[in-house]
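Since the structure comes first, as structure tokens, the remarks are kept for the end.
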Amino acid sequence: MSNAVTAEPSNTNHTNDSTYYQPQLIEAAQQAKWATDKRYEVGNEPSDKPSRYMLSMFPYPSGKLHMGHVRNYTISDVLSRYYRLKGYEVMQPMGWDGFGLPAENAAIANQTPPAKWTFANIDSMRAQLKLLGLSIDWSREFATCSPEYYQWEQWLFLQLYKKGLVYKKLATVNWDPIDNTVLANEQVIDGKGWRSGAAVEKRDIPMYYFNITDYADELLDDLDQLEGHWPSEVLTMQRNWIGRSAGMEVHFPYELAGQANSLDVFTTRPDTLMGVTYVAVAAEHPLAQYAAEHDETIAAFCALCKKGSVAEADLAKAEKIGMDTGLTVTHPLTGEEVPVWVANYVLMSYGSGAVMAVPAHDERDYEFAVKYDLPIKQVIQSPDGHTESVIAEAKTDGSEPNLAYTERNILVNSGEFDGLNFEQAFEAMLAKLEPRELAKKKIQYRLRDWGVSRQRYWGCPIPMVNCEHCGTVPVEEQDLPVVLPTDVVPDGRGNPLKNIPEFVNTTCPKCGNPAERETDTFDTFVESSWYYARFASPNDAQNMVNKSAANKWLPVDQYVGGVEHAVMHLLYARFFHKLMRDESLVSGDEPFANLMTQGMVLAGTFYRVNADGSTTYYFAEDIDIDYNERGQPIKAILKLDGQPVTIGKIEKMSKSKNNGVDPQITIDKYGADTVRLYTLFTAPADQTLEWSDDALKGPYNFVKKVWRIATEHIQTLADANLEIDSFHGLAINTKDLSKEAKNLRRKTHETIAKIDSDLGDRLALNTPVSSLMELANELSSFKADSGQDLQVQHEALIDLLIMLSVYAPHAGEHLLEQLGLDTLTLNYPTVDESALVQDMITMVVQVNGKMRGKMDVAPNSDPEQLKAQARSMDSVAKFLTGEIKKEIVVPNKLVNIVVAG
């Protein structure tokens with residue numbers, strides 16, 4: 001029982017045997033050669049070659065590569081190598097998304113500074129990446145946690161602050177009262193802090209915001225430019241996230257302590273205005289605060305509302321609770337008094353912190369109204385049977401029926417507006433309210449301004465100073481960068497920057513008096529929003545982005561990454577590109593011309609359920625596995641104790657399930673070329689890949705086959721005392737080629753054309769590997785019986801190796817060098833159209849649907865001639881024992897003779 005691939009043992013000594021495929025030796029040698037030659041470094045100077053910028057989303061330096069990384073970077077590398085062969089000057093850089101919460105958590109756990117942990121991980125991951133044979137320009141490498149990088153986002157922040165595109169306001173956050181720190185939404189587990197276990201509170205703190213909503217229309221409209229170049233699902237996700245909606249801002253007047261005011265509410269359904277039976281406000285809203293000052297019960301309720309997560313998903317799942325404030329506002333159409341409730345599902349940071357409630361036509365409002373016995377007034381006509389069908393469905397699944405009808409329809413119970421449809425009601429209500437300044441048309445977005453302040457240590461310092469005399473003051477540009485101290489070991493309790501006098505204490509740039517630095521740091525999405533542009537000029541000390549370098553390389557021609565980044569990262573990068581464009585740093589409206597979202601890598605799981613109900617997962621290498629004939633695991637035994645384990649589901653590789661595959665172990669055993677081929681051959685690049693150690697044998701044996709074909713060809717030439725160099729560039733005399741030689745040439749040039757189309761036009765990365773395997777099979781079965789045959793064989797082998805070098809660069813280039821080629825000057829093979837022309841084809845001859853022979857004929861031969869030739873064949877004639885009823889000719893494929901009896 002074993003899950004090992006059938007392969008030569010890696011410790012077998014074949015060191016001096018060049019005919020034996022030894023990936024461990026040749027891959028190290030090729031990588032050393034590439035590094036010495038600086039093979040993949042490119043400059044920013046003008047070139048007569050067209051440029052191509054290929055980029056995979058850069059990694060967070062967690063310390064170890066996983067197979068998702070391998071697949072991601074192999075995709076962009078295959079495309080990079082292809083375009084180099086096509087004559088492009090290709091830039092494929094690599095860097096590190098250095099800041100982030102995982103480094104802080106690791107620092108807390110290991111009592112080591114995040115900087116030390118991060119840079120050690122970078123060194124480790126860089127070495128792992130180099131094992132893959134990626135054609136990366138390492139001269140452009142940087143980490144976003146270095147001051148040389150983040151000083152420029154500090155500089156841009158100051159430019160945006162001057163233009164009013166940065167502002168400061170209170171924001172509601174998750175607050176851990178024990179650790180005295182802000183928690184990210186993912187750090188709140190069942191309403192408690194992930195580390196302290198304390199009940200999380202909502203707290204309002206000042207934060208800096210990028211005014212991304214100023215660019216909302218452009219971000220939405222420019223998605224049209226990306227149609228056909230980005231996956232449609234990503235475009236849809238971004239459109240939904242931006243969420244432009246036209247509606248009405250309605251004002252509900254009220255008087256408080258003798259002061260006239262209004263409660264402002266945005267709604268996309270003003271047609272339901274006559275159905276408003278209460279309004280709900282956030283606990284921090286001035287109306288709720290006024291009520292709390294005058295009623296201890298309301299004050300206690302408002303305090304309760306401040307507990308719990310601020311994540312939208314958590315709010316949606318939380319029980320909806322509220323309390324009547326005793327206050328009212330005036331309905332703008334009817335003049336009736338509408339009660340004001342404070343509710344936990346309304347956040348002050350969303351819109352105006354108030355919503356109008358229409359229980360008859362909103363499911364959340366309906367639940368709330370039923371719970372607190374509030375009026376429910378229907379103002380939109382519902383279809384016949386609506387109530388009955390909802391009640392019946394609720395009975396079926398055992399839930400409470402929600403009778404809210406949420407679709408648009410004709411207005412009812414709305415006085416003068418009865419009988420109007422949505423559009424008519426919108427205009428009629430606006431016409432009545434707008435002259436009295438009680439409503440106005442408004443465009444609103446689901447997208448909210450980007451809060452970039454994080455109350456954490458390991459991030460880019462925000463370049464602002466807090467002065468008791470001048471308020472908030474920006475740092476002077478000549479004083480950038482504001483450098484983050486790197487010798488800090490956080491303990492998880494608050495932001496340690498607050499406790500470093502050398503960092504905090506400074507002087508006000510405006511008045512010169514003592515002041516304090518801002519201790520918040522940037523959201524790490526800021527670093528990843530512009531790194532692609534910095535790669536164009538990573539060492540420029542004078543500019544955020546060098547304009548001439550940006551003009552040469554940007555936009556990124558092909559961006560590769562996971563679909564999980566469809567909204568946040570990709571949206572913020574598009575926003576930053578427009579910001580940099582408006583600072584005259586870059587040209588064009590979009591950062592990424594083409595986007596590919598690669599599929600996840602999945603693997604099987606193996607586990608046991610323990611007596612206490614917990615589950616222990618095991619690594620595949622610790623299990624002996626039996627497979628069926630289809631390669632599926634059917635039995636699993638733990639090596640340690642010889643007892644069975646359960647074969648679980650195929651899931652995304654993760655540490656928690658112990659189903660990850662260490663790329664380094666796999667590369668050490670089978671070579672990087674095999675791993676590269678496997679990750680792209682097994683499934684289309686944009687679909688999930690189910691990892692199977694057993695399936696590695698296919699690409700591994702394929703590389704071995706090519707190696708054998710090449711070494712045998714070299715030996716054949718040596719045995720015939722023929723110089724390899726004499727074959728290079730030698731024109732093949734195609735006049736008297738044998739049928740087999742013509743077929744090999746045709747297969748060679750068909751493969752050249754197909755792979756060119758697959759990679760250059762269709763972005764299909766798995767099918768070229770199949771094409772290469774087919775060509776290798778044809779080449780393997782070809783027997784060279786003449787000098788012409790040897791020339792054809794040599795041409796096919798060279799072309800095969802050049803195309804293979806895109807996927808398996810170590811073996812491909814090594815063998816090309818053994819054949820005397822300079823791999824620095826390789827070009828993608830050119831299709832010889834004449835080789836594609838078939839002067840003879842093989843057609844099948846059937847009798848009553850069964851094959852009885854084959855015949856070689858000219859393409860597109862006359863059907864009557866084909867029938868006659870088929871009848872005359874000895875292997876066919878003996879089956880023509882009855883009356884011929886019908887003769888069917890499928891052009892260029894087969895002749896089927898139907899005989900009676």
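All residue numbers for the sequence shown refer to our numbering, where the first residue is 1 and numbers rise by one. Using N, Cα and C, we set each Cβ at its ideal position, and we do this for glycine too. These numbers were taken from a predicted model, which means no experiment stands behind them.
Query raised in the report: In whole angstroms, what is the alpha-carbon distance linking Glu-227 and Val-645?
Result: Each residue's Cα considered, the two are about 48 Å apart.
Requested in this report: Report all residues from its chain with a CB closer than 6 Å to the CB of Leu-438; omit the five preceding and five following residues, and keep chain order.
Outcome: Correct list, in chain order: His-251, Pro-332.
Query raised in the report: So, is Ala-29 buried or exposed, given that buried needs 16 or more other C-beta atoms within 10 angstroms?
Result: Under this definition Ala-29 is an exposed residue.
Query raised in the report: DSSP state of Val-706, grouped into three classes?
Result: In the three-state scheme derived from DSSP, where H, G and I count as helix and E and B as strand, Val-706 is classed as helix.
Query raised in the report: In the structure shown, what three-state DSSP assignment does Cys-467 receive?
Result: In the structure shown, Cys-467 sits in a strand (DSSP, three-state: E or B).
Query raised in the report: Taking the continuous beta strand (DSSP E) assigned at Tyr-53, which residues delimit it?
Result: In the DSSP annotation of this structure, the continuous segment of the beta strand (DSSP E) that includes Tyr-53 starts and ends at 51-56.
Query raised in the report: Do Gln-455 and Val-412 come within 8 Å of each other at the CB atom, strictly closer than that value?
Result: Cβ atoms of Val-412 and Gln-455: not closer than 8 Å.
Requested in this report: Determine the direct distance from the alpha carbon of Asp-839 to that of Ile-888, and round the result to whole angstroms.
Outcome: Roughly 23 Å separates the two Cα atoms.
**Report entry** Span separating the alpha-carbon of Ala-7 from that of Ser-805
**Finding:** At Ala-7 the pLDDT is 44, less than 50, meaning the model places this residue with poor confidence and gives no usable figure here.
**Report entry** Extent of the continuous beta strand (DSSP E) run through Arg-608
**Finding:** DSSP places Arg-608 inside the beta strand (DSSP E), whose first and last residues are 601-609.
Query raised in the report: In or out: Ser-692 buried (at least 16 other Cβ within 10 Å) or exposed?
Result: Label assigned to Ser-692: buried.
**Report entry** DSSP three-state assignment for Lys-377, whether helix, strand or coil
**Finding:** Coil, per DSSP.
Query raised in the report: If you run the structure through DSSP and keep just helix, strand and coil, what is Trp-152?
Result: Taken through DSSP and simplified to helix, strand or coil, Trp-152 comes out as helix.
Requested in this report: Can you have a look at Tyr-167 and say buried or exposed, based on whether 16 or more other CB atoms are within 10 angstroms of its CB?
Outcome: Burial call: exposed.
**Report entry** Residues near Gln-444 by beta carbon distance below 7 Å, same chain, minus five either side
**Finding:** When the five nearest sequence neighbours on each side are left out, the beta carbons in the same chain lying within less than 7 Å of the beta carbon of Gln-444 are those of Ser-245, Gly-247, Phe-266, in order along the chain.
Query raised in the report: Considering only the beta carbon of each residue, do Met-356 and His-285 sit closer than 8 Å?
Result: No, the Cβ-Cβ distance between Met-356 and His-285 is not below 8 Å.
Report task. Note down the Cα distance separating Asn-513 from Val-182, rounded to an integer number of angstroms. Result -> Their Cα atoms are separated by approximately 30 Å.
Query raised in the report: For Ser-548, which residues of its own chain have a beta-carbon under 8 Å away from its beta-carbon, when the five flanking residues on both sides are left out?
Result: So the qualifying residues of the chain are Asn-44.
Report task. Check whether the Cβ atoms of Ala-354 and Leu-263 sit closer than 8 Å, and answer yes or no. Result -> For the 8 Å CB-CB criterion, Ala-354 and Leu-263 form a contact.
Query raised in the report: Does the Cβ of Asn-110 have 16 or more other Cβ atoms within 10 Å, making it buried, or fewer, making it exposed?
Result: Exposed, by the Cβ-count rule.
Report task. Could you have a look at Met-544 and say whether DSSP puts it in helix, strand or coil? Result -> The DSSP-derived three-state label of Met-544 is coil.
Query - Element boundaries [alpha helix (DSSP H), containing Lys-371] - result: For Lys-371, the uninterrupted alpha helix (DSSP H) run begins and ends at 363-371, by DSSP.
Query raised in the report: Around the Cβ of Asn-72, are there at least 16 other Cβ atoms within 10 angstroms (buried) or fewer (exposed)?
Result: Under this definition Asn-72 is a buried residue.
Requested in this report: Spell out the partners DSSP gives Met-323 in its beta bridges.
Outcome: Note: Met-323 sits in a beta bridge opposite Val-342.
Report task. Indicate the three-state DSSP secondary structure (helix, strand or coil) for Leu-411 in the structure shown. Result -> DSSP places Leu-411 in strand when its eight states are reduced to three.
Query raised in the report: When burial is assigned at 16 or more other CB atoms within 10 Å of the CB, is Ser-726 buried or exposed?
Result: With fewer than 16 other Cβ atoms within 10 Å, it is exposed.
Query raised in the report: Where does Gly-671 land, buried or exposed, given buried means 16+ other C-beta within 10 angstroms?
Result: By the neighbour-count rule (16 or more Cβ atoms within 10 Å), Gly-671 is buried.
**Report entry** Cα-Cα separation between Pro-102 and Asp-384, rounded to whole angstroms
**Finding:** If you take the alpha carbons of Pro-102 and Asp-384, they lie about 56 Å apart.
Query raised in the report: Which same chain residues, not among the five before or five after Tyr-572, have their C-beta less than 6 Å away from its C-beta?
Result: In chain order, Phe-525, Ser-529 place their CB closer than 6 Å to the CB of Tyr-572, counting only its own chain and leaving out the 5 sequence neighbours on each side.
**Report entry** Contacts around Thr-213, its chain only, beta-carbon distance under 8 Å, and the 5 residues preceding and following it disregarded
**Finding:** Counting only residues of its own chain and dropping the five nearest sequence neighbours on each side, Thr-213 has a CB closer than 8 Å to the CB of Tyr-445, Leu-447, Arg-448, Asp-449.
Query - Pro-9, buried or exposed, once every other Cβ within 10 Å from all chains shown has been counted against 16 - result: Caution is warranted here: a pLDDT of 41 is assigned to Pro-9, below 50, making its placement in the model unreliable, and no coordinate value can be reported.
Query raised in the report: Roughly how many angstroms separate the alpha carbons of Glu-363 and Val-370, rounded to a whole number?
Result: Our two residues, Glu-363 and Val-370, have alpha carbons roughly 11 Å apart in a direct line.
Query - Helix, strand or coil at His-794 [DSSP, three-state] - result: His-794: helix per DSSP, three-state reduction.
Query - Collapsed DSSP secondary structure at Phe-157 in the structure displayed - result: In the three-state reduction of the DSSP assignment, Phe-157 falls in the helix class, which pools H, G and I.
Query raised in the report: Does the Cβ-Cβ distance between Arg-676 and Thr-74 come in under 8 Å?
Result: Closer than 8 Å, so yes.
Query raised in the report: Going by DSSP, what residues sit across from Gly-562 in a beta bridge?
Result: For Gly-562, DSSP records a beta bridge to Gln-598.
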